[in-house]
Amino acid sequence: MEGQIGQVNTQLALKQWQNLRDAFLKIGLKVSLIDPGPEREDMVFCANQTFVGLNALEKKICVLSHMKFPSRQQEVPRFEKWFQAFGYEIKTLPYTSSILFEGGGDAVWHPNRALIWGGYGQRSNKEVYTYISEVFDAPMCILELKTEKFYHLDTCFCPIDENTVLIYPPSLTQKSLELIAYFFKEVIEVNQREAMELMACNAAAFFNKCVVIQEKSNEVNEKLKSLGFRVIEVDTSEYMKSGGSVFCMKMALW
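Convert by adding 207 to the 1-based position in the sequence shown; the result is the number in my numbering.
Written as structure tokens, this is what we have:
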């Protein structure tokens with residue numbers, strides 16, 4: 208991110224990545240890795256290059272992204288080969304490269320439902336979601352992002368389970384907030400400090416009521432615990448310098 212070039216402690220970053228991987232393993236997840244490419248340091252944010260899931264026939268689908276920045280678009284072919292090797296049907300957006308889609312950063316599955324949330328306004332274009340809906344045979348809920356700071360949906364919106372979601376309200380339009388309130392019974396509004404400085408909305412939630420989240424997000428974490436969730440705190444501070452935390456650093460597989 209702007210102002211952070213040359214500021215990353217690479218040894219600490221590696222330790223933080225290893226700790227995040229270990230946290231996933233300890234809660235019972237299987238972790239698969241992709242080999243990095245030369246000069247592709249942002250590949251670590253592996254939520255962005257693709258959007259994956261099952262269609263209505265339970266076939267594994269991988270939609271390739273159209274990334275905003277050329278350096279990041281060069282990451283996509285490596286992910287395409289990886290998902291092909293794991294049996295995913297590869298789908299390419301039927302648009303010119305000027306129509307952007309940043310994968311799992313802006314498209315998020317609703318837990319336990321064949322429903323996809325899609326963010327637009329900063330990095331992804333609204334029109335891509337017509338195709339995404341068709342490919343997965345799943346309805347879309349479209350949310351508009353208002354601020355450049357929250358450039359992906361996963362920075363301000365995090366479904367925890369079918370009924371619970373974390374959001375940072377100032378990043379979303381009123382219409383978007385009303386749509387969220389309609390679908391979720393428990394809407395946890397994250398405060399400014401925890402949303403902006405700690406990227407609390409960039410958490411990752413899993414089937415066993417575990418939530419992996421940036422450490423010291425105290426208000427959010429206490430609320431989650433009060434609702435019966437198990438909170439696993441990790442430190443991703445070196446990655447937040449580049450604008451990503453837990454959710455950005457993983458892609459859920461089927």
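Glycine included, C-beta positions come from ideal geometry on N, C-alpha and C.
query                                                                                                                 : result
Identity of the residue in E248, I297, E282, F252 nearest I268 by Cα                                                  : I297
Rounded straight-line distance, which links the Cα of L431 to that of C408                                            : 12 Å
Between the CA atoms of E309 and C253 - distance to the nearest angstrom                                              : 11 Å
Between the CA atoms of L373 and N425 - distance to the nearest angstrom                                              : 14 Å
Coil, strand or helix - F390 by DSSP                                                                                  : helix
Residue burial classification, S304 (beta-carbon count within 10 angstroms, cutoff 16)                                : exposed
Closest Cα partner of P366 within the set F413, Y295, F290                                                            : F413
Rounded separation between L384 and R279 - CA only                                                                    : 30 Å
Backbone CA spacing between S378 and I323 [nearest angstrom]                                                          : 19 Å
beta-carbon V283 near the ligand MG non-hydrogen atom, thresh 6 Å                                                     : Ligands are entirely absent from the displayed structure, and the ligand MG is therefore not among its contents.
Burial state of R437, where buried means 16 or more other Cβ atoms lie within 10 Å                                    : exposed
Neighbourhood of I241 by C-beta distance below 8 Å, restricted to the same chain and skipping five residues each side : M250, C253, R285, F286, W289
Three-state class that DSSP yields for Q291 in the structure shown                                                    : helix
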